[in-house]
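Residue numbers (this note's numbering), protein chains in the order written: chain R, 10 to 222; chain Y, 10 to 222; chain P, 10 to 222.
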Amino acid sequence: MDNFENWESTLLLSIELLATLAFALSGIMEAARKRMDIVGVCVVGFLAAFGGGTLRDILLDQRPFFWVENEIVMWAVLALCILSISFMRQKHFELTEKTIQWPDALGLGLFTASGVAQSLAIGLSPTVAILMGTITGIFGGVLRDIVCNEIPVSFKDHRPYALCSFAGGLVYILMAAAEAEPWFCMTVCAVLTTLFRILAILNNWLLPAWRKD
Amino acid sequence: MDNFENWESTLLLSIELLATLAFALSGIMEAARKRMDIVGVCVVGFLAAFGGGTLRDILLDQRPFFWVENEIVMWAVLALCILSISFMRQKHFELTEKTIQWPDALGLGLFTASGVAQSLAIGLSPTVAILMGTITGIFGGVLRDIVCNEIPVSFKDHRPYALCSFAGGLVYILMAAAEAEPWFCMTVCAVLTTLFRILAILNNWLLPAWRKD
Amino acid sequence: MDNFENWESTLLLSIELLATLAFALSGIMEAARKRMDIVGVCVVGFLAAFGGGTLRDILLDQRPFFWVENEIVMWAVLALCILSISFMRQKHFELTEKTIQWPDALGLGLFTASGVAQSLAIGLSPTVAILMGTITGIFGGVLRDIVCNEIPVSFKDHRPYALCSFAGGLVYILMAAAEAEPWFCMTVCAVLTTLFRILAILNNWLLPAWRKD
Chain R
10 MDNFENWEST LLLSIELLAT LAFALSGIME AARKRMDIVG VCVVGFLAAF GGGTLRDILL
70 DQRPFFWVEN EIVMWAVLAL CILSISFMRQ KHFELTEKTI QWPDALGLGL FTASGVAQSL
130 AIGLSPTVAI LMGTITGIFG GVLRDIVCNE IPVSFKDHRP YALCSFAGGL VYILMAAAEA
190 EPWFCMTVCA VLTTLFRILA ILNNWLLPAW RKD
Chain Y
10 MDNFENWEST LLLSIELLAT LAFALSGIME AARKRMDIVG VCVVGFLAAF GGGTLRDILL
70 DQRPFFWVEN EIVMWAVLAL CILSISFMRQ KHFELTEKTI QWPDALGLGL FTASGVAQSL
130 AIGLSPTVAI LMGTITGIFG GVLRDIVCNE IPVSFKDHRP YALCSFAGGL VYILMAAAEA
190 EPWFCMTVCA VLTTLFRILA ILNNWLLPAW RKD
Chain P
10 MDNFENWEST LLLSIELLAT LAFALSGIME AARKRMDIVG VCVVGFLAAF GGGTLRDILL
70 DQRPFFWVEN EIVMWAVLAL CILSISFMRQ KHFELTEKTI QWPDALGLGL FTASGVAQSL
130 AIGLSPTVAI LMGTITGIFG GVLRDIVCNE IPVSFKDHRP YALCSFAGGL VYILMAAAEA
190 EPWFCMTVCA VLTTLFRILA ILNNWLLPAW RKD
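Structure representation (structure tokens):
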């Protein structure tokens, strides 16, 4: 029984770690494209991985930050930064970018679910909780792009990213209103958000653009 | 009597709503100019409308945020974003920009007054209170411009905007030192800041530039 | 005895003031290069001087901010901004930039030491404390560059700046582990960080670049 629970929590931590590393890699590659040095690569990697959750914790006035409580994740991101600088070359970027789309979708799902859950836990309204879920999911990437002096890609590429997170958050709220257990809401929200994002990638869904007239 | 008070608070909420929507519109149009998608338009609209007040609340460690307490304003901004995307075209921008200058001046006045009042209420010094009033008034626009990858327009257009807010805050402090009632200080500060800004626009006042030698 | 203590604390305040003014000057000059107006110059000057410490205080959830407690430093930075706009011309920039390298190194040392000390004082782990020390030291410059619409110079110039701060923080932690007195850890950390930075400037040390293949 104990063994099973250990196995379960190890699995959960592994999934979280995988998703966080995917977020970090997106930062590392953008920093590399901008020809930043090792400091820039590490900072942008950390921002992409931890920026969304940290902003959520600041907005919700929650301390300690989640990365303060799980230092192992910080060490893993730091190791990834140093490994990337040592071994990654520009020719690897295209393949890496295609590969990290999948764990990145997982991260979007997990971060959205955690953001909504934490907001509801401290008594915020459903609307604000959905907003916080989306902020948790997308602001790592937004901060990454701001520091790299770019318009955030999730604001202008016309691909559903924030909207997947928003839709997942909405499902969470509806299930919570139907009095489902929190752990069940979280799982469904994370899985559905990830699924929405994967469908969006596979089907090349596009958001409507502004008309030019 | 009760009817009168209701009428009064409805008027106040309407003014606030008008000002907030003017701030949001400035964000929506800048996002549109940058060809952002619907997510970018909404985020930049929200940042322009709520960024200054949220930053003030973070700096003062105040929770809940004012938009958490007045969800109606959030819904109004969201509706404005969606309406703008559906119906606004580039040919409308010039007229819209000229029109929102006036409610925007109102917003500058209201936000400045609220920032100063809230700082004094938690016991901060007059100097810091003026600073917080100005931050509340201008940082919505500053965050909007940073996300849109521009140098903040209020830092480089040589037109008095932050200075109007600063001057209004100073008047508040002087009146508070003369022991005027808070509601009276707030009203005078909001009206004067708005008036300064309107005079600056009408008279085309310019701040001194750096000499080029 | 009393006289000696007064003399000591006056010296400490003078060093802090000098370092803060050096940070502010770096902001003022970058704002001037971007042709900002007086508002922009003041805001960027303040951000460069107080941004790192303020971000640290937000992350650690500490209030009041250090500049709220020492208003004299705020007034000094404001005076510096106004003096610079009145008397500084572009021909002075090169000399000023060379000159402020030294007090800037001092600021890096002092801010790093204060960041580490404050983090340990509220019970954070050594790893997080080093991180907070580095954030305190470098994020004033990072925020300055973001507002000026540049990639932060400390992320891409391949010169050790954040790394000096990181190394100094590491020394602090090692000494604290050996149970040295806090004031002694702080002094050694500040002096060593400053020294590392000065050596890096004098010897033109460079961080390794990404290989281009």
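Backbone N, C-alpha and C fix where the C-beta goes; we use that ideal spot for every residue, glycine too.
Just to confirm the assignment, what range does the alpha helix (DSSP H) spanning residue i have?
i	result
P/M184	A171 to A186
Y/L133	Unbroken run through Y/L133: none, as it is neither H nor E.
Y/I47	I47 to L69
Y/R206	P191 to N212
Y/F96	E80 to F96
How long is the line joining the alpha carbons of residue i and residue j, rounded to whole angstroms?
i	j	result
R/V180	R/P112	21 Å
P/I155	P/I47	18 Å
P/I131	R/T19	30 Å
Y/I109	R/A186	40 Å
Y/V227	R/A189	There is no way to answer for residue 227 of chain Y, as the model of chain Y reaches only from 10 to 222.
Y/M10	Y/W192	Residue placement at Y/M10 cannot be trusted, given a pLDDT of 45 that sits under 50; what the coordinates show is reported in the next sentence. One C-alpha to the other measures close to 19 Å.
R/D222	Y/I67	For R/D222, the predicted structure reports a pLDDT of 49, less than 50, and the residue's modelled location is therefore unreliable. The matter cannot be settled from this model.
Y/L69	P/S93	30 Å
P/L30	P/L89	8 Å
P/A58	R/E25	37 Å
Y/M97	Y/T63	28 Å
Y/I91	R/V53	32 Å
R/M83	Y/M195	47 Å
Y/V197	R/T121	44 Å
Y/V50	Y/I182	37 Å
P/P135	P/M184	11 Å
Y/H167	Y/L216	5 Å
R/C173	R/L201	8 Å
R/L34	R/K100	15 Å
R/N213	Y/W16	52 Å
R/S163	P/I210	39 Å
Y/L204	Y/A28	14 Å
R/E106	R/V86	17 Å
R/Q71	Y/P73	12 Å
P/L208	P/A199	14 Å
P/A171	P/L104	24 Å
Y/G142	R/F102	46 Å
I want to see whether chain R comes within less than 7 Å of residue i, judged by CB atoms only; does it?
i	result
Y/E17	no
Quick one: measure Cβ to Cβ for residue i and residue j, integer angstroms, because I've assumed they're closer than 8 Å.
i	j	result
Y/G177	Y/G118	6 Å
Y/V125	Y/I144	That belief does not hold up - the Cβ atoms of Y/V125 and Y/I144 are roughly 10 Å apart, past 8 Å.
Y/G61	Y/I147	7 Å
Y/R153	Y/L56	5 Å
R/K165	Y/M45	5 Å
R/G149	R/F75	So it is not a contact: roughly 12 Å between Cβ atoms.
R/N158	P/N158	7 Å
Y/V137	Y/S123	About 15 Å; that fails the 8 Å criterion.
Y/A114	Y/R42	No, Y/A114 and Y/R42 are not in contact; Cβ-Cβ is about 22 Å, not under 8 Å.
Looking at the C-beta of residue i, does it have a partner C-beta in chain P at a distance below 7 Å?
i	result
Y/F59	no
Is the shortest distance between the beta-carbon of residue i and the beta-carbons of chain Y less than 7 Å?
i	result
R/V137	yes
P/M10	Residue placement at P/M10 cannot be trusted, given a pLDDT of 45 that sits under 50; what the coordinates show is reported in the next sentence. By this cut-off, P/M10 is not an interface position.
Does the beta carbon of residue i fall short of 6 Å from some heavy atom of the ligand MN?
i	result
R/F55	Annotation note on the ligand MN: not contained in the displayed structure, which lists no ligands.
Please decide whether residue i counts as near chain A, where near means a Cβ-Cβ distance under 7 Å.
i	result
Y/C173	The question asks about chain A, but that chain is absent: this structure's protein chains are R, Y and P.
> Just by C-beta distance, which residues in the region 65-98 of chain P are closer than 9 Å to chain Y?
Replying inline: Taking 9 Å as the Cβ-Cβ cut-off against chain Y, the residues of the region 65-98 of chain P that qualify are I67, D70, R72, P73, F74, W76, V77, E80, M83, W84, I94, M97 and R98.
> What residues in the region 25-55 of chain P bring their beta carbon closer than 9 Å to a beta carbon of chain Y?
Replying inline: So the list reads A40, A41, K43, R44, M45, D46, I47, V48, G49, V50, C51, V52, V53 and F55, given in the order they occur along the chain.
> If you measure beta-carbon to beta-carbon, which residues of the region 154-180 of chain R are closer than 7 Å to chain P?
Replying inline: So the close ones are I155, V156, C157 and N158.
> What residues from the region 120-136 of chain R come within 8 Å of chain Y, judged by C-beta to C-beta, listed N to C?
Replying inline: Residues passing the 8 Å Cβ filter: L133, S134 and T136.
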